[in-house]
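Throughout the sequence shown, residue numbering follows the numbering used here, covering 2 to 823 in sequence.
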Amino acid sequence: MQYGFFDDDAREYVITRPDTPYPWINYLGCEDFFSLFSNTSGGYCFYRDARMLRLTRYRYNNVPADTGGRYFYLRDTSSAGDGDVWTPSWMPMKSKLDRYECRHGMGYSRISSCRNGLAFSQVSFVPLGANCEIHRITLTNESNAEKNIDMFSFVEFCLWNANDDMTNFQRNLSIGEVEVEGSRIYHKTEYRERRNHYAVWAVNAPIEGFDTDRQAFLGLYNGFDSPQAVFKGKANNSTASGWAPIGSHHIKARLATGESKTFVFVLGYCENQEDQKWAKQVSGGNSGVINKTPADTLLKKYSTTEAADKALADLNEYWKNLLNRFTVEADDKRMARMAGVWNQYQCMVTFNMSRSASYFESGIGRGMGFRDSNQDLLGFVHLVPERARLRILDIAATQFPDGSAYHQYQPLTKRGNNDAGTGFNDDPLWLICGVAAFIKETGDYGILNEKVPFNNDEKLADTLFIHLKRSFDYTVTHKGPHGLPLIGRADWNDCLNLNCFSKTPGESFQTTANYESGIAESVLIAAIFAFTGPDYAEICRRTNRIEEAEYAEKEIAAMIDAINKHGWDGEWFLRAYDAYGKKIGSSECDDGKIFIESNGFAVMAGVGIEDGRAFKALDSVKEHLDTKYGIVLQQPAYKEYHLELGEISSYPPGYKENAGIFCHNNPWVTIAETRLGRGTRAFETYTKICPAYREDDSDLRRMEPYVYAQMVAGKDAPRHGEAKNSWLTGTAAWTFVSISQYILGICPVFDGLLIDPCIPSDMKGYSVNRRFRGADYLITVDNSAGVEKGVKSITVDGKALNGTVLPVYGDGKAHEIIVMMG
Ligand code: BGC
Ligand code: NOJ
């Protein structure tokens with residue numbers, strides 16, 4: 002069943018009923034201020050760091066789900082209304098609505114509904130260049146009699162540190178503080194001492210009253226679905242003192258037939274310099290009154306409907322320009338809208354959020370992952386290359402001098418995170434992968450000369466090139482008995498914890514190492530080395546480091562040799578050797594005989610193509626791992642816990658890394674299939690995990706049909722086909738790479754754009770407009786020949802091109818490119 006549809010022209014997903022199988026969310030914000038926004042106006046917002054600077058409270062795991070958001074309660078006191086109270090975004094009252102629609106667009110969401118002739122519209126967004134959410138609310142009287150409406154706004158403040166907020170009640174119930182001035186409610190908890198920031202929740206209209214104390218507003222033992230003040234039709238003008246500070250405005254609106262009224266609500270983050278914290282300094286102490294200058298400036302900016310509309314128009318323009326850098330037209334609308342719009346949009350979200358805040362990631366757990374952020378970069382470098390550059394320098398600064406890396410760093414401090422530490426031996430190689438993608442996109446070799454600290458220590462700074470070398474060398478110098486890379490704590494698969502041996506509940510599988518075997522090896526890391534190593538060698542050559550290039554090529558050859566000798570199982574590539582030197586991912590194993598990762602990546606790297614093993618490997622993947630909903634991670638699923646394998650065997654069969662469809666690595670197989678020229682199969686693996694193709698199956702899939710999920714339950718799970726962990730996943734970047742570079746075949750290389758499509762033979766053609774190094778490439782691919790791979794000819798602006806690499810024009814012009822397959 003479907004719960005909405007794609008409006009492609011508007012680049013919106015339109016949800017047509019509020020009771021989606023899970024809250025279907027959007028992300029607002031592209032710079033420092035971010036909001037999670039569900040189709041019923043649930044969610045929360047934060048400034049830069051979802052854990053440390055959270056403005057509004059959100060209870061994960063609440064019942065009912067998704068209670069907590071920015072809510073607007075309406076009460077109709079006209080005779081036809083008879084005191085009727087409802088929430089026009091459906092939640093939290095689950096109000097019956099005569100009409101409902103939520104449009105999630107690029108950086109904004111719009112909820113429209115109607116009840117008894119009172120139409121409500123809420124447009125929510127985070128404007129560019131400001132740290133706030135704007136909610137533009139319009140009430141329209143569609144009935145044929147006058148309406149008197151009481152509107153109550155509602156937000157519940159978080160006491161900034163989201164972790165502390167939900168655990169440290171002995172302190173927190175005593176520290177809440179607010180100020181109210183006119184239509185502005187200020188949340189200033191902890192401002193008296195170490196904080197210099199506060200939140201403001203304001204509306205550009207006079208108010209009848211307000212509440213800032215949750216209990217006063219809701220009433221004792223009431224939930225968000227039955228606030229006393231609203232039913233009474235009167236705010237209490239309560240001032241929070243400890244307990245739970247909230248912000249609620251009471252507004253009265255009288256609407257003649259056909260009349261509309263618009264209100265602009267702003268929820269903002271404001272910061273003062275340390276010496277300007279207070280309104281008026283009092284000798285011997287402070288005034289206790291916050292300095293409201295930053296709030297004044299912010300609210301002045303959005304004090305009118307016109308100003309809010311202008312901010313929304315600017316935001317629309319920003320997204321239009323961004324997404325115009327890569328657009329797709331094709332007969333297959335689902336592919337076109339995903340590749341051209343939603344997949345890239347999701348990549349921007351993973352750029353901003355990494356794995357911190359979603360409806361599955363609580364925003365308090367993980368910082369920016371070294372491995373994750375480098376891979377995310379592959380999906381957004383073509384959109385915001387300048388920001389990708391800065392990101393690379395941030396990530397590289399958390400690398401250790403020996404090439405290993407902090408597994409995560411905190412976005413606010415940009416320091417490596419001691420809790421997660423280091424020792425994930427795939428990490429270093431992803432830096433090469435990210436930097437190579439950046440250079441291929443931009444041609445900016447200058448980045449290699451940037452001085453970047455090691456371990457955030459300026460004294461240890463060296464060039465980014467040296468960072469790459471240390472990454473490369475780390476793998477070379479950390480090999481096991483078979484000449485394959487040591488796995489360390491884990492590789493890409495965080496749950497393959499071969500040195501962990503954990504028997505203690507609650508112990509972290511990833512950071513515990515009870516068994517320093519020094520021999521557990523990863524075939525996947527070997528394959529990653531074989532895939533990214535050549536880019537390192539090429540970068541060396543192109544920057545005149547010939548000896549280094551030769552050394553790198555020798556090491557890559559040695560690694561491929563080791564894969565061939567010790568990484569091949571007969572019908573597929575092995576996955577690893579455990580701490581006892583036993584095979585993982587071999588036909589000799591009882592469970593976990595075959596894994597997706599090493600097979601996808603080895604073939605991506607080209608291993609086994611010449612002698613046919615690559616074909617065998619992918620055929621085995623299809624035979625043993627493929628399902629209707631995508632390729633599972635391994636088979637057979639582990640039925641019991643294996644001390645020597647770790648977390649992978651802790652999951653019930655079919656979920657997460659234990660034979661779930663871990664979408665992130667499906668595109669590796671897609672790309673691998675294109676290397677073999679099998680376009681039909683490549684496209685099939687692409688579509689199976691692509692959400693738009695499962696829109697009409699939303700009851701089973703449950704997650705948003707416009708974004709990828711990290712995991713879909715595998716065939717061993719009772720809920721095979723059900724997705725979880727939507728939004729923040731490396732799936733976004735890799736599927737974009739697979740569709741844009743390898744299926745549609747428009748692939749940035751060091752010298753330009755390589756054109757090498759690999760598509761189903763019945764795909765007639767498509768066109769892609771792509772901005773690349775300062776020019777627009779308007780590419781039309783014609784497959785009337787009906788092939789899966791192969792380019793017969795290319796013309797550029799009417800002239801034949803030699804070869805298949807479109808050169809760098811860099812002339813700010815548009816170039817017409819016609820590609821004939823055959
Ligand atoms: C999950 C992994 C994830 C890891 C990160 C594990 O519980 O299964 O997917 O990468 O946690 O900490
Ligand atoms: C999610 C993590 O964010 C990612 O780093 C890891 O590779 C996958 N899980 C697989 O375990």
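Just so it is clear, CB atoms sit at the ideal spot from N, CA and C, and this is done for glycine as well.
For clarity, every value in this text was computed on a predicted model and none was experimentally measured.
Buried or exposed: N494, going by 16 or more other Cβ atoms within 10 Å of its Cβ?
Translated into the one-based positions of the sequence shown, residue 494 becomes position 493. Buried, by the Cβ-count rule.
Given that a residue counts as buried once 16 or more other Cβ atoms are within 10 Å of its Cβ, and exposed if not, what is Q347?
For this step, residue 347 is matched to residue 346 along the sequence shown. Buried, by the Cβ-count rule.
State the Cα-Cα distance for the pair A618 and W573, rounded to the nearest angstrom.
Working through the sequence shown from its first residue, we reach residue 618 at position 617. Working through the sequence shown from its first residue, we reach residue 573 at position 572. Rounded to whole angstroms, A618 to W573 spans 4 Å at the Cα level.
Rounding to the nearest angstrom, what Cα-Cα distance links P454 and L413 in this structure?
Working through the sequence shown from its first residue, we reach residue 454 at position 453. Working through the sequence shown from its first residue, we reach residue 413 at position 412. Distance between the alpha carbons of P454 and L413: 17 Å.
Rounded to the nearest angstrom, what separates A776 and N273 at their Cα positions?
Taking the sequence shown and counting its residues from 1, one reaches residue 776 at position 775. Taking the sequence shown and counting its residues from 1, one reaches residue 273 at position 272. Going by the C-alpha atoms only, they are around 43 Å apart.
With distance defined between alpha-carbon atoms, name the residue in S184, D166, R185 nearest to G177.
Working through the sequence shown from its first residue, we reach residue 177 at position 176. Here the closest residue by C-alpha is D166.
Is the beta carbon of D332 sitting closer than 8 Å to the one on K765?
For the purposes of this step, residue 332 is identified with residue 331 of the sequence shown, where counting begins at 1. For the purposes of this step, residue 765 is identified with residue 764 of the sequence shown, where counting begins at 1. A contact, by the Cβ cut-off of 8 Å.
Give the DSSP bridge partners of V806, in chain order.
On the sequence shown, position 805 is the one that residue 806 refers to. According to DSSP, which records beta bridges pairwise, V806 is partnered with L755.
Where does W735 sit, in a helix, a strand or coil, going by DSSP?
The residue given as residue 735 occupies position 734 in the sequence shown. In this structure, W735 counts as helix in the three-state DSSP scheme.
According to the neighbour-count rule (16 or more other Cβ atoms, all chains shown, within 10 Å of its Cβ), is R195 buried or exposed?
As a position in the sequence shown, residue 195 is number 194, starting the count at 1. That one is exposed.
Between which two residues does the alpha helix (DSSP H) carrying W320 extend?
One-based indexing of the sequence shown puts residue 320 at position 319. W320 -> alpha helix (DSSP H) spans 306–324.
Got a sec, what are the start and stop residues for the beta strand (DSSP E) L140 sits in?
Sequence index remark: in the sequence shown, residue 140 carries index 139 (1-based). Taken as a continuous stretch (DSSP letters only), the beta strand (DSSP E) holding L140 covers 133–142.
Is it the case that the Cβ atoms of T675 and L755 are separated by a distance below 8 Å?
Start at 1 with the first residue of the sequence shown, and residue 675 comes out as number 674. Start at 1 with the first residue of the sequence shown, and residue 755 comes out as number 754. Not a contact, by the Cβ cut-off of 8 Å.
Is V820 near V782, with beta carbons less than 8 Å apart?
The sequence position of residue 820 within the sequence shown is 819, counting from 1. The sequence position of residue 782 within the sequence shown is 781, counting from 1. Yes. Within cutoff.
Taking only runs of the alpha helix (DSSP H) that begin and end inside the segment 535–591, which ones reach a length of at least 4 residues, in chain order?
547–567
Can you tell me the Cα-Cα spacing of K480 and I557, whole angstroms?
Within the sequence shown, numbered from 1, the residue matching residue 480 stands at position 479. Within the sequence shown, numbered from 1, the residue matching residue 557 stands at position 556. Going by the C-alpha atoms only, they are around 13 Å apart.
Using 8 Å as the threshold, is the C-beta distance between K441 and F153 below it?
The sequence position of residue 441 within the sequence shown is 440, counting from 1. The sequence position of residue 153 within the sequence shown is 152, counting from 1. No, they are not a contact pair.
Are the CB atoms of Y74 and P228 within a distance shorter than 8 Å?
To locate residue 228, count along the sequence shown from 1; it is residue 227. To locate residue 74, count along the sequence shown from 1; it is residue 73. Their beta carbons are under 8 Å apart, which means P228 touches Y74 by this criterion.
Tell me whether E648, by its Cβ, gets closer than 7 Å to a heavy atom of the ligand BGC.
Residue numbering aside, residue 648 sits at position 647 when the sequence shown is read from its first letter. At least one heavy atom of the ligand BGC is nearer than 7 Å to the Cβ of E648, so yes.
Would D212 be called buried (16 or more neighbouring beta carbons within 10 Å of its own) or exposed?
Residue numbering aside, residue 212 sits at position 211 when the sequence shown is read from its first letter. Its Cβ being crowded by 16 or more others within 10 Å, D212 is buried.
Is L465 buried or exposed, if buried means 16 or more other CB atoms sit within 10 Å of its CB?
As a working note, residue 465 is residue 464 in the sequence shown. Burial call: buried.
Which complete beta strand (DSSP E) runs does the segment 188–273 hold, if anything under 3 residues is left out?
198–204, 210–214, 246–256, 261–272
So, is the C-beta of R255 closer than 8 Å to a C-beta in chain B?
This model lacks chain B altogether; it includes just one protein chain.
Relative to the ligand NOJ, is the shortest distance from any of its heavy atoms to the C-beta of C496 smaller than 7 Å?
Position 495 of the sequence shown, counted from the first residue, corresponds to residue 496. Yes, since a heavy atom of the ligand NOJ falls inside the 7 Å radius drawn around the Cβ of C496.
Given that a residue counts as buried once 16 or more other Cβ atoms are within 10 Å of its Cβ, and exposed if not, what is D420?
In the sequence shown, the residue the question calls residue 420 occupies position 419. Its Cβ having fewer than 16 others within 10 Å, D420 is exposed.
Where DSSP assigns a beta bridge to I662, which residues make up the other side?
Translated into positions along the sequence shown, residue 662 becomes position 661. Paired residue(s): V713.
Name the two residues that bound the continuous alpha helix (DSSP H) containing M605.
In the sequence shown, counting from the first residue as 1, residue 605 sits at position 604. Per DSSP, M605 belongs to the alpha helix (DSSP H) from 597–605.
With 16 as the cutoff for other CB atoms within 10 Å, does N1 come out buried or exposed?
The question about residue 1 has no answer here: the residues shown for the chain are numbered 2 through 823.
Quick check: Y72 and S42, are their CB atoms within less than 8 Å of each other?
By one-based count along the sequence shown, residue 72 stands at place 71. By one-based count along the sequence shown, residue 42 stands at place 41. In contact: Y72 and S42 (Cβ atoms closer than 8 Å).
In whole angstroms, give me the CA-to-CA distance for F473 and S699.
Locating residue 473 in the sequence shown gives position 472, where the first residue counts as 1. Locating residue 699 in the sequence shown gives position 698, where the first residue counts as 1. For F473 and S699, the distance between alpha carbons rounds to 44 Å.
Identify the residues that DSSP records as bridge partners of D151: which are they?
In the sequence shown, residue 151 corresponds to position 150, counting from 1. BP columns for D151 point to R76, K253.
Return the chain-ordered list of same chain residues with a C-beta closer than 7 Å to the C-beta of G106, the five sequence neighbours on each side being excluded.
For this step, residue 106 is matched to residue 105 along the sequence shown. Closer than 7 Å at the Cβ level, and outside the excluded window around G106, lie A11, R12, E13.
Nearest CA to the CA of R490: which residue from L268, L646, P24?
Numbered from its first residue, the sequence shown carries residue 490 at position 489. When only C-alpha atoms are compared, the closest one is L646.
May I ask you to verify whether the segment 558–569 touches the segment 522–540, counting CB pairs closer than 8 Å and requiring at least 3?
Counting Cβ pairs under 8 Å, three or more are found: they touch.
Look at the alpha carbon of P402 and the alpha carbon of R416, and state the distance between them as a whole number of angstroms.
Residue mapping note: residue 402 aligns to position 401 of the sequence shown, counting from 1. Residue mapping note: residue 416 aligns to position 415 of the sequence shown, counting from 1. Cα to Cα, the separation comes out at about 15 Å.
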